[in-house]
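Visitor:
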């Protein structure tokens, strides 16, 4: 399956990563991955500046030059990227709505899992902005999240710690058998060589389940607010 490209310049690509596909395999460059498929589509010299978990889908910005990679890595380190995700969680709407607000945790890793700890971990931040029913799943909700830090498995482990693990995320206590749904739906960043901002929204795609209209309205509201702030 080819990778959907939603923006392309000489300096970067913005693409939609399918669920279940690794971002890159550094030990075996020819193993199936997002980067491998893009190379098959004729794009060379790609440099990842961020990643999505294998089960996650959605937007990824990939640098095409070393200078662009340095620019974006610096922007990420300074927390200059604005990122929104949608996750399907194992909590009914009335419970999930109690989680709306800002959340902070300290995270560390143990093997291939993340852990919430009381001390000694990396400070990690996210905001739950909106909650909507998950169509077809009466005991689940879809939540819109603004992610401020990009720790390993951050959204998955923090939501589990809050009592709302992702549906299907058995690693962190999510109930089977529904597939895990975590999508990077909106990104705003300063493109390489530009002083202004640019915003990207993920289009509908095969890995996105049906959304309740309220979720789409919440994302559109966030997009309008973001545009106003960035254009000031």
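Numbering (this note's numbering), first residue to last: 185 to 416.
Positions of the beta carbon are idealized from the N, C-alpha and C atoms, including for glycine.
Nothing here was measured: the structure is a model prediction, and the numbers come from that model.
1. Okay, do the stretch 254-261 and the stretch 278-296 touch, 3+ Cβ pairs below 8 Å being the bar?
2. So, using beta-carbon positions, are residue 266 and residue 410 closer together than 8 Å?
3. DSSP three-state label for residue 186, please.
4. Taking the alpha-carbon of residue 375 as reference, which of 256, 250, 185 has the nearest alpha-carbon?
5. Between the Cα of residue 196 and the Cα atoms of 234, 246, 384, which residue gives the shortest distance?
6. Strictly by DSSP, which residues pair up with residue 309?
7. So for residue 331, helix, strand or coil by DSSP?
8. State the beta-bridge partners of residue 301 as determined by DSSP.
9. Label residue 215 either buried or exposed according to how many other C-beta atoms from any shown protein chain fall within 10 Å of its C-beta, with 16 as the threshold for buried.
10. In its own chain, which residues sit with a C-beta less than 8 Å from the C-beta of residue 360, not counting the 5 before and 5 after it?
11. Mapping DSSP to helix, strand and coil, what is residue 388?
12. State yes or no: is the C-beta of residue 308 within less than 8 Å of the C-beta of residue 288?
13. Among residues of its own chain, excluding the 5 on either side of residue 343, which ones have a beta-carbon nearer than 7 Å to its beta-carbon?
14. Given this structure, state the Cα-to-Cα distance separating residue 219 from residue 371, to the nearest angstrom.
Guide: Looking at the atomic coordinates:
1. No, because fewer than three Cβ pairs between the stretch 254-261 and the stretch 278-296 fall closer than 8 Å, the two stretches do not touch.
2. Sequence index remark: in the chain shown, residue 266 carries index 82 (1-based). Sequence index remark: in the chain shown, residue 410 carries index 226 (1-based). Yes.
3. Start at 1 with the first residue of the chain shown, and residue 186 comes out as number 2. Three-state DSSP puts residue 186 in coil, outside helix and strand.
4. Counted from its first residue, the chain shown places residue 375 at position 191. Looking at 256, 250, 185, the one whose alpha-carbon comes closest to that of residue 375 is 256.
5. Your numbering for residue 196 matches position 12 in the chain shown. Taking only the C-alpha atoms, the option nearest residue 196 is 246.
6. Taking the first residue of the chain shown as 1, we reach residue 309 at position 125. Here residue 309 is bridged, per DSSP, to 288.
7. Residue 331 sits at position 147 when you count from the first residue of the chain shown. In this structure, residue 331 counts as strand in the three-state DSSP scheme.
8. Translated into positions along the chain shown, residue 301 becomes position 117. Looking at the DSSP assignment, residue 301 forms a beta bridge with 290.
9. Here residue 215 corresponds to residue number 31 of the chain shown, with the count starting at 1. Flag for residue 215 reads exposed.
10. Taking the first residue of the chain shown as position 1, residue 360 is located at position 176. For residue 360, where only same-chain residues beyond five positions count, the Cβ hits under 8 Å are 352, 354.
11. The count along the chain shown starts at 1 and reaches residue 388 at position 204. DSSP places residue 388 in the coil class of the three-state scheme, outside both helix and strand.
12. As a working note, residue 308 is residue 124 in the chain shown. As a working note, residue 288 is residue 104 in the chain shown. Yes; because the gap between Cβ atoms is below 8 Å, this pair is in contact.
13. Counting from 1 along the chain shown, the entry for residue 343 is found at position 159. The answer, listed in chain order, is 271, 273, 349, 350.
14. The count along the chain shown starts at 1 and reaches residue 219 at position 35. The count along the chain shown starts at 1 and reaches residue 371 at position 187. For the pair residue 219 and residue 371, the Cα-to-Cα distance works out to about 20 Å.
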